[in-house]
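Sequence lines, in order, name chains C and D. Sequential numbering from 681 applies to the first sequence in my numbering. Sequential numbering from 80 applies to the second sequence in my numbering. Reading through the structure tokens given below for one structure.
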Amino acid sequence: EADIYQTPRYLVIGTGKKITLECSQTMGHDKMYWYQQDPGMELHLIHYSYGVNSTEKGDLSSESTVSRIRTEHFPLTLESARPSHTSQYLCASKREGFYNEQFFGPGTRLTVL
Amino acid sequence: KNQVEQSPQSLIILEGKNCTLQCNYTVSPFSNLRWYKQDTGRGPVSLTIMTFSENTKSNGRYTATLDADTKQSSLHITASQLSDSASYICVVSAGTYKYIFGTGTRLKVLA
Chain C
681 EADIYQTPRY LVIGTGKKIT LECSQTMGHD KMYWYQQDPG MELHLIHYSY
731 GVNSTEKGDL SSESTVSRIR TEHFPLTLES ARPSHTSQYL CASKREGFYN
781 EQFFGPGTRL TVL
Chain D
80 KNQVEQSPQS LIILEGKNCT LQCNYTVSPF SNLRWYKQDT GRGPVSLTIM
130 TFSENTKSNG RYTATLDADT KQSSLHITAS QLSDSASYIC VVSAGTYKYI
180 FGTGTRLKVL A
């Protein structure tokens, strides 16, 4: 079982609130990713990081921001949540190397009212 | 445009039966293709990975095939179990960070 954790697992908040979704891994992986997944749809990459102090935007435009101050921690922040942010957010990590797999966390299901 | 298409969208089978899921891709450059299993409310878990030169890869009751010429892959599940009920996602790696995900096939195994 992968050692990658996400909190909270479920979050229901009102419009305009600031939220931070936490993601931590204990595998020492340099690469970390955030994906957004709507029900029945494919995963879309919103942010990724190659290591400490490295962050890049993914293919799907997102109003969220990320930081990577420590190898094991890759939090995602929404400054002002909106109903359009309602979705499942999945965090993943992997070791360097094309053929190493991404390990996924259990996800955070966010609902913005 | 890089794309991964999976079929069928959903499938219902009886316990003990076999089934085959399909994945067609148009991704360039191609690095590898991986099948994931995603249980409801959980993150995906890798089942198999295949590179350009590999035709088949097995993991227990799961067998994946890859035809790089036709850009098709399949996942065959043998002697299905209730615990196989999940979404199965085909993912093609197109480089260092680029992963193209299919929408998945939702499999339901009935007793």
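Glycine is no exception: its CB is placed at the ideal position from the N, C-alpha and C atoms.
*Is the region 84-101 of chain D in contact with the region 767-774 of chain C, if contact means three or more CB pairs nearer than 8 Å?*
No: the two stretches stay apart, fewer than three of their Cβ pairs being nearer than 8 Å.
*asked:* Measuring only the C-alpha atoms, how far is Q101(D) from Y779(C)?
replied: Taking the second sequence and counting its residues from 1, the one referred to as residue 101(D) is at position 22. Taking the first sequence and counting its residues from 1, the one referred to as residue 779(C) is at position 99. Rounded to whole angstroms, Q101(D) to Y779(C) spans 22 Å at the Cα level.
_Bridge partner(s) assigned by DSSP for K116(D)_ = Locating residue 116(D) in the second sequence gives position 37, where the first residue counts as 1. DSSP, once it has assigned bridges, lists V124(D), Y167(D) as partnering K116(D).
_Going by beta-carbon coordinates alone, are G708(C) and T751(C) separated by less than 8 Å?_
As a position in the first sequence, residue 708(C) is number 28, starting the count at 1. As a position in the first sequence, residue 751(C) is number 71, starting the count at 1. In this structure, T751(C) lies closer than 8 Å to G708(C) by Cβ.
*Does Y779(C) come within less than 8 Å of chain D when only Cβ atoms are used?*
Counting from one through the first sequence, the residue named residue 779(C) turns up at place 99. Interface residue, yes.
*List, in order along the chain, the chain C residues whose C-beta lies closer than 7 Å to that of S110(D)?*
Translated into the one-based positions of the second sequence, residue 110(D) becomes position 31. What S110(D) touches in chain C: F778.
*Straight-line CA distance for G120(D) to T735(C)?*
The sequence position of residue 120(D) within the second sequence is 41, counting from 1. The sequence position of residue 735(C) within the first sequence is 55, counting from 1. When rounded, the distance between both Cα atoms is 27 Å.
*chain D contact for P763(C) (CB, 8 Å cutoff)*: One-based indexing of the first sequence puts residue 763(C) at position 83. No, because no Cβ of chain D sits closer than 8 Å to the Cβ of P763(C).
*For S166(D), does the count of other Cβ atoms within 10 angstroms reach 16, so buried, or fall short, so exposed?*
For the purposes of this step, residue 166(D) is taken as the residue at position 87 of the second sequence. Classification for S166(D): buried.
*Are there 16 or more other CB atoms within 10 angstroms of the CB of A190(D), so buried, or fewer, so exposed?*
Start at 1 with the first residue of the second sequence, and residue 190(D) comes out as number 111. Answer is exposed; the Cβ neighbour count stays below 16.
*Using alpha carbons as the reference points, say which of F109(D), K136(D), T184(D) lies closest to G174(D).*
As a position in the second sequence, residue 174(D) is number 95, starting the count at 1. Checked all of F109(D), K136(D), T184(D); the closest Cα to G174(D) is F109(D).
*Given a threshold of 16 other Cβ atoms within 10 Å of its Cβ, counted over all protein chains shown, does L161(D) qualify as buried or as exposed?*
Within the second sequence, residue 161(D) is the residue found at index 82, counting from 1. Its Cβ having fewer than 16 others within 10 Å, L161(D) is exposed.
*Taking the runs of the beta strand (DSSP E) that are 3 residues or longer, which of them lie wholly in the region 713-741 of chain C?*
724-731, 734-737
*State buried or exposed for F180(D), treating a residue as buried only when at least 16 other CB atoms are found within 10 Å of its CB.*
Mapped onto the second sequence, residue 180(D) falls at position 101. Buried, since its Cβ has 16 or more Cβ neighbours within 10 Å.
*Extent of the continuous beta strand (DSSP E) run through S773(C)*: The residue you call residue 773(C) lines up with position 93 of the first sequence. If you look at S773(C), you'll find it in the beta strand (DSSP E) that goes 767-774.
*Positions along the region 691-721 of chain C whose CB lies within less than 9 Å of some CB in chain D*: K711, Y713, Y715, Q717, G720, M721
_Contacts of G785(C) in chain D (Cβ-Cβ under 7 Å)_ = Translated into the one-based positions of the first sequence, residue 785(C) becomes position 105. Under the 7 Å cutoff, chain D gives G122.
*If you compare alpha carbons, which of E133(D), K80(D), S164(D) is closest to K96(D)?*
Looking up residue 96(D) in the second sequence gives position 17. For the residues E133(D), K80(D), S164(D), the minimum Cα distance to K96(D) belongs to S164(D).
*How big is the Cα-Cα spacing for L723(C) and E781(C)?*
If you number the first sequence from 1, residue 723(C) lands on position 43. If you number the first sequence from 1, residue 781(C) lands on position 101. Roughly 16 Å between the two C-alpha positions.
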